[in-house]
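Q:
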Amino acid sequence: MRSEFRIIIVSIYIITTLFFGYISFFLFIKSNSFSDERILLGTGTVIIFSLLLYSIFRFANIIEIDQNENKIVFRKPAILRKATYKFSEVKGFSFSQYHARGIFYRVIKIKTLNSTYYLSDFETKNFNELETLLVENFTLLDQDGEAISIEKQAKEFHKRKIQKQNQNKQIISLLRDAQIGNMVLLMFVFYDVRNQNELQPNKVILGLICLVVSILLLFYYRYFKNLRNKNGI
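For the sequence shown, this note's numbering begins at 762 and goes up steadily by one.
Spelled out as structure tokens, the structure:
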């Protein structure tokens, strides 16, 4: 099994990183003057750009698990690096998470004899399937990379289940808030268009965009709501 990127999310993330990189370059390299405001803004964009770039190098991994040949392959597309290990060269894995945009994303840390690789459900579409495969083939470790007892493993699996449940609730809440904000914007656009003597194409386009976004948000809200009910969360 091979990990698959969420193409849209990864593309948006890369574009955002390049945007902050461009702004940083423009403020510090292309600028002929340096005011306090420009330096403050430039420093902020450099920090954001650095964090985004670091995340790409750390989490943008493609992992392929071959059970027939008992090997696991790690690829880092950002730096064109590839590493292949036998199952016996993988010490194990541990559960983790990180917070971004109001949601805690689940992370897996895979520890080999000489390195550590990360995988999260933010950029990985088939994260759940890969996590199941890792559980079936490798040892669960603590945060220090050491093997743990069966009793502690049970606690870690229970904690992971709670993380998944909380993540689902956070996504539903975020989608609901986004839908409310989008509907408010749509109402303002509709009211503005209604009171105009002539139709303005830009307002009509904005209204149509809001309508499409509203439909998409409703679709995803119902999807995660049904997933929550199915899992009894």
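The beta carbon of each residue, even a glycine, is placed where N, CA and C say it ideally should be.
Does any residue of chain D have a CB that is nearer than 9 Å to the CB of Gln-924?
A: Judged by its chain identifiers, the structure shown contains no chain D, having just a single protein chain.
Q: For Asn-987, is the classification buried or exposed, using 16 other Cβ atoms within 10 angstroms of its Cβ as the cut-off for buried?
A: With fewer than 16 Cβ atoms within 10 Å of its Cβ, Asn-987 is classed as exposed.
Q: How many angstroms separate the CA atom of Asn-822 from the CA atom of Tyr-879?
A: 7 Å
Q: Taking the beta carbon of Glu-912 as the centre, do at least 16 other beta carbons fall within 10 Å, making it buried, or is it exposed?
A: exposed
Q: Classify Gly-853: buried if its beta carbon has 16 or more other beta carbons within 10 angstroms, exposed otherwise.
A: buried
Q: Can you find the residues in the same chain that come closer than 7 Å, C-beta to C-beta, to Asn-887, ignoring five residues on each side of it along the sequence?
A: Ser-764 and Glu-765
Q: Short check: CB of Glu-850 to CB of Arg-836, under 9 Å?
A: Cβ atoms of Glu-850 and Arg-836: not closer than 9 Å.
Q: Could you say which of Gln-828, Ile-773 and Phe-980 lies nearest to Leu-891 if we only look at CA atoms?
A: Gln-828
Q: Looking at C-alpha atoms only, which residue of Asn-956, Leu-946 and Phe-786 is the closest neighbour of Leu-969?
A: Leu-946
Q: Would you identify the three-state DSSP class for Lys-886, choosing helix, strand or coil?
A: coil
Q: If you check the beta carbons only, do Phe-883 and Phe-820 fall under 9 Å apart?
A: With contacts defined by Cβ atoms closer than 9 Å, Phe-883 and Phe-820 form a contacting pair.
Q: Is Arg-867 buried or exposed, if buried means 16 or more other CB atoms sit within 10 Å of its CB?
A: Buried is the label assigned to Arg-867, since at least 16 other Cβ atoms lie within 10 Å of its Cβ.
Q: Using a Cβ-Cβ cutoff of less than 6 Å, which residues in the same chain neighbour Ala-939 once the five nearest sequence positions on both sides are dropped?
A: Leu-978
Q: Between which residues of its own chain and Ser-785 is the CB-CB distance below 8 Å, once the five residues before and five after are set aside?
A: Gly-803, Thr-806, Val-807 and Phe-810
Q: For Lys-964, which of Val-954, Val-973 and Leu-972 has the nearest alpha-carbon?
A: Val-954
Q: Specify, as a first and last residue, the run of the alpha helix (DSSP H) that Gly-942 falls within.
A: 911-955
Q: Drop a sphere of 10 angstroms on the beta-carbon of Phe-856, count the other beta-carbons inside from all chains shown, and report buried for 16 or more, exposed for fewer.
A: By the neighbour-count rule (16 or more Cβ atoms within 10 Å), Phe-856 is buried.
Q: From this set, Pro-962, Leu-936 and Cys-971, which residue's C-alpha is nearest Met-948's C-alpha?
A: It is Cys-971 whose Cα lies nearest to the Cα of Met-948.
Q: By the DSSP assignment, the beta strand (DSSP E) with Ile-833 in it spans what residues?
A: 832-837
Q: May I ask you to report which of helix, strand or coil DSSP gives Leu-841?
A: coil
Q: Counting C-beta neighbours from all protein chains within 10 Å, is the total for Lys-872 16 or more, i.e. buried, or is it exposed?
A: buried
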